[in-house]
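Chains A and B supply the protein sequences, listed in that same order. Note that the numbering used here gives residue 318 to position 318 of the first sequence, counting from 1, and the numbers run on in steps of one. Adding 984 to a residue's 1-based position in the second sequence gives its number in the numbering used here.
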Amino acid sequence: MGTENPNHANNYSRPPQNNNSPFSSSRPVVGSQASAFRPTPVLSTPPSGPEVSTFRPTASYVPPTTGPFQRFSSPTPPPHTSPIGQPPAMRPPPTMRPQMPPMHMGSSPLSMNGAVNLQQSQPSLGPTNPSAVRAAPSSAWPGYTATPPAPVSHKGSYGPAPPQPAASGSFSSHQGGYGPAPPQQAASGSFSSHQGGYGPAPPLGMYVGGPTPPAGGMSGLVEDFSSLSIGSVPGSFDAGLDSKVLPRPLDGDVEPSSFAQMYPMNCNSRYLRLTTSAIPNSQSLVSRWHLPLGAVVCPLAEAPEGEEVPVVNFATTGIVRCRRCRTYVNPYVTFTDGGRKWRCNICALLNDVQNDYFAQLDATGRRIDLDQRPELTKGCVEFVAPAEYMVRPPMPPLYFFLIDVSINSVRSGMLEVIAQTIKSCLDKLPGSTRTQIGFITFDSTIHFYNMKSSLTQPQMMVVSDLDDIFVPLPDDLLVNLSESRSVVDAFLDSLPSMFQDNVNVESAFGPALKAAFMVMSQLGGKLLIFQSTLPSLGVGRLRLRGDDIRAYGTDKENALRIPEDPFYKQMAADFTKYQVAVNVYAVSDKYTDIASLGTLAKYTGGQVYYYPSFHAAIHKDKLKHELARDLTRETAWEAVMRIRCGKGVRFTSYHGNFMLRSTDLLALPAVDCDKAYAMQFALEETLLTTQIVYFQVALLHTSSCGERRIRVHTAAASVVADLGEMYRQADTGAIVSLLGRLAIEKSLSYKLEEARNAIQLRIVKALKEYRNLYAVQHRVGTRMIYPDSLKYLLLYALALCKSTALRGGYADSQLDERCAAGFTMMALPVKKMLKLLYPSLLRVDEYLVKSDDFEKLCRRLPLAAQSLDSRGIYIYDDGFRLVVWFGQMVSPDISRNLVGEDFAADFSRVSLVQRENEMSRKLMGIIKKLREADTSYYPLCHLVRQGEQPREGFFLLSNLVEEQVGGMNSYVDWILQIHRQVQQ
Amino acid sequence: MDHLLSHQHGSYRLYSLSGQIVCLSDLESDYMNPYESSSRINAVVIPEMVLHGMCSFLLLVMGYWFMFLLTLPIAIYNSMLYINRRHLIDVTEVFRYVDAEKRYRIAKLAVYLFLFVLVVIRSVVAGKFSDILEPFHPTNEDLDILSHVLEF
């Protein structure tokens, strides 16, 4: 990482004799312009073409017989039928015996043939395609027009190489005159043995191995890892040969299924994901794991229709909890003694069953009322909490708006948009008649509004003494929405016109924040801050500090990413103390110091929305949607969250937007479905004696309807003594989410480069450890091996290093954007995070022209320049932004149909609206579908034409994670680099 | 007299430091919330630093070079912390650094204790012990606390 050499992979460990090879002259010529976006060298391959390995499929897949799960092999009854008095250990029935995760079967032999054709056609394409030649000097993308026009055949070739019985013919035909075709059974395992025959060629070419082990030469010895063969290939071009078979998450996030299968009563993985569902049993095993050991929790994740969380009301019984460890009753507790006692699954204490919770046990030891007790059958329930769980009466939903009305927010149109949006959402605010609302506006003075229900128009009070803030009116600044509805409506109607001639450029943000705090501290609630300039007056004023280029690359660089003034941290702490959650909406075209403002959101469980160079005409829909979602989504108020786990395991650190109230208690003034929290745990004892570790997340909150509730998620995970099993059950999504949060936190106190190196180092260590596991047993040779469960880890880690929050240096992203991305990523749930890291790229022109099935024609493509064909139209979607990319050679008819008559104009001024033709309707349909797939953010649609710089580079090219961007490696180089480090 | 001063300063610093350590352990074991403990600790950080600085200065003007040089590193470290604005406990991240802060304070406590003992020994050696014990010295029968204590 961090290498400046664009041709890195070619140089790597290349011995001099290789220069004698007939192909050295055809190394890709890297021009000064071209270096940044150099396509993978496959485009300039010599006529031999890359090789595709021809592993035979493993006919039968025998799960490894070694490993910790042997003890489950004796048939034991499932838990609910376990006899009385059995220890709380859950024993999965033998059918739940963990299988190897199914290998990726995305591609078929047929599509593999497609890949072969593709490669064979390249030699003729390269030199003969005039557009490629022409494009090379002028465009930054030499040869991205050289992609063969067969988008459908792309697909097969991008998955991991499939089992491919029919490929032997093409294999030998590839060989050309470069030597005899190796025997078919000489698969990668025995590859090194015939390597000698091809002379001293170094291990450079990327030779492709499938995720399945070779069975040919070494029958009986089954490998339970995936591998990429990186070895010398005769007649191949030297480095990074075939990027097509590298693993790519083109199906999106696939959760590991073994976890849910083994413990069917676990809560759904959308609520809790462990980085590995095999918990190590000893410290020494933990120290060999190297990846983060922890969990990502999204306590209020949106459940699909029909899977709503059941609400349990114990009424008079009181909530059933363990006396000692305070664990809530859950499916894994066992009832004994005829139903009079229950044993806590976490601390093994025998508790008495209260009289009104008593139920007989049947012959198998199950409670007879089991089917009426969701808390005993489901891993995810919500208890209604009695008065013991309240320190004060449940608070009403409260929304307070702190709005900047200085010239910037008026000019950009923000004020008008938010006034309209708030007004349209008033009916949909949660909490019906209890909801409270209030407003403060500020420029160089602070304006309070009396909204008393008896008034017809709001009264405005101006406080200009910024040093000694006082609240001019004790009540009536915060009013009940349903009572004062007409006043609020009148206020929102008049708000834009009230300040339309405001020419004040100052911003007394700090004092206004203090005023809002004074008003809200009685009740708590949600504070929405709309800020359009840098705070310039009173306490908490900030200075322009992001422009100082000298700080970058030095040890002081990280200071730009932390709040400048301790005022912000102190205010954030005070807000949390009084149950106020802060959401920051920053709209500015200049530096606004998101690092400082965002701190308010970070420690209060809020969120940062950043709209760089906001203009109402362009960003209106985005702000509208996101504000509306913020106001109307289901929110849990004045919440605290704790995660409990079995003896011997302890949660040590927490990462996300919240404040720690005590060592293990997260204070969350407001939580909603779009927030996730990550945590890491460690073993307290050197050896775990239990066989299962239970985790229980409990979120105590006030729901919008005014009920105090406890959301409880319970999950079990087995303890293993085998490192291989840990890797096998790893969850890439959770690992990437945790790694990302750790790296972002690290970037607050160290240089960006160190944060990126930390990610790389952990991955290298982990893969090295994994390699050592198998290096002796199997002849791994020069192959790169990794567990199938982590096959996307490398790509996601690369994407993480290229994400807005961590990429490059000073010039690669604006300081504010970087900070805002950091705050956002700290709160993102796993799926959303993975989408952001590896966005989807769809080719849509074929679907637009032919009326055919969307699913069939629009498939996700690898995020590489090769995927872009100048004859196509593509949609790039990372969940936050949609980019519609028009190739240069798209027919004008299509363009005219889609964007109207100004299709030839500058696309930055063209917006996509639905037009009266089939094609436009289809395109808008796709966009609508993509937006509806995830409503937490509103991806704004940008149109980009190929070659239209700098917009193309900004919106699309810099986000193609598999390309070499801004000094970062391409995917192939990255794998080679990691591989080299692993082998050292 | 100077010894008496530094002696009293020393005992104040020892007292305030041990108070801070107690606060931190209370925080760790959840007997105190982060707001309270950090405000309590932060309230005494500056006085402690100022006192230390005064002590060092006094030792310097009184000409106790050796003692001054011993206290100098801490004074420099303190001022460095102050300049970098890292002297106060950050309430939002207190749990992340609670271990480190505790270790730092225990180390500081050990250094202060060492300085304190050194001051006492030096005053004994210099024959000025009577200065320190002046309040307890039985020059005045009415104020003789020690003898009263010993009588019962």
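We treat Cβ as the ideally placed atom computed from N, Cα and C, and that holds for glycine.
- DSSP, read as helix, strand or coil, puts CYS705/A in coil.
- When DSSP reads this structure, TRP885/A sits in a beta bridge with TYR874/A and VAL944/A.
- ASP664/A has its alpha-carbon roughly 7 angstroms from the corresponding atom of PHE651/A.
- Nearest neighbour of LYS765/A by Cα position, chosen from ALA682/A, LEU794/A and ALA419/A, turns out to be LEU794/A.
- Three or more Cβ pairs drawn from the region 735 to 745 of chain A and the region 291 to 310 of chain A lie within less than 8 angstroms of each other, which places the two stretches in contact.
- The shortest C-alpha to C-alpha distance from ARG881/A to any of ILE927/A, LEU923/A, ASN281/A and LEU868/A is the one to ILE927/A.
- Distances from the CA of LEU828/A to each of PRO249/A, VAL890/A, PRO299/A and SER257/A were compared; the closest alpha carbon is that of PRO299/A.
- In the three-state reduction of the DSSP assignment, ALA385/A falls in the coil class, being assigned neither a helical nor a strand state.
- Only buried fits LYS577/A, as 16 or more other CB atoms lie within 10 angstroms of its CB.
- Interface with chain A (7 angstroms Cβ-Cβ cutoff): VAL1108/B is excluded.
- Between SER406/A and VAL505/A a beta carbon distance of about 6 angstroms is seen, short of the 8 angstroms cut, so the two are scored as contacting.
- In this chain, the beta strand (DSSP E) harbouring ARG843/A covers 840 to 843.
- VAL1075/B has a beta carbon lying within less than 7 angstroms of a beta carbon in chain A.
- Close to TYR1096/B, with beta-carbon spacing below 9 angstroms, lies no residue of chain A; the smallest spacing is near 27 angstroms.
- Note on geometry: alpha-carbon atoms of GLY887/A and ARG545/A lie some 40 angstroms from one another.
- Rounded to whole angstroms, GLY524/A and GLN579/A show a C-alpha spacing of 4 angstroms.
- Shown here, SER464/A sits in coil according to DSSP, grouped into three states, outside any helix or strand.
- In the structure shown, VAL913/A adopts coil according to DSSP, grouped into three states.
- Excluding sequence positions up to five before and after ARG323/A, its CB lies within less than 7 angstroms of the CB of LEU349 and ASN351, all in the same chain and listed in chain order.
- Its chain contains GLY872 and ILE873 as the residues whose beta carbon lies nearer than 6 angstroms to that of ASP845/A, once the 5 sequence neighbours on both sides are disregarded; these appear in chain order.
- Taking C-beta atoms under 8 angstroms as the contact rule, THR1076/B and ALA572/A qualify, at a distance of about 6 angstroms.
- Only residues of its own chain outside the window of five on either side were considered, and among them ALA359 have a CB closer than 7 angstroms to the CB of ASP369/A, listed in chain order.
- Close CB contacts of ASP1074/B within its chain, under the 8 angstroms cut and outside five residues either way in sequence, are with SER1022 and TYR1081 (chain order).
- The bridge partners DSSP lists for GLY438/A are PHE400/A and LEU478/A.
- Going by beta carbons, ASN657/A and LYS602/A fall inside the 7 angstroms limit.
- A direct Cα-to-Cα measurement between TYR568/A and ASN583/A gives close to 14 angstroms.
- Judged by DSSP secondary structure, THR1055/B falls within the alpha helix (DSSP H) whose first and last residues are 1049 to 1067.
- For TYR1096/B, DSSP assigns no beta-bridge partner whatsoever.
- In this structure the region 499 to 519 of chain A lies against the region 436 to 444 of chain A, because at least three pairs of beta carbons, one per stretch, are closer than 8 angstroms.
- Among the residues of chain B, those whose CB is under 9 angstroms from the CB of LYS569/A are ASP1074, VAL1075, THR1076 and GLU1077, following chain order.
- In chain order, THR1076 make up the part of chain B whose C-beta sits under 7 angstroms from the C-beta of ALA572/A.
- If you draw a 10 Å sphere on the C-beta of PHE225/A, you find 16 or more other C-beta atoms in it, and that means buried.
- Here DSSP, grouped into helix, strand and coil, assigns ALA359/A to coil.
- Counting only Cβ-Cβ distances below 8 angstroms, ASN1017/B has contacts in chain A at ARG661 and SER662, in chain order.
- Residues PRO396, PRO397, SER704, CYS705 and GLY706 of the same chain have their beta carbon placed closer than 8 angstroms to that of GLY431/A, with the five preceding and five following residues left out of the count.
- Contact annotation: GLY605/A and LEU668/A have beta-carbon atoms nearer than 7 angstroms.
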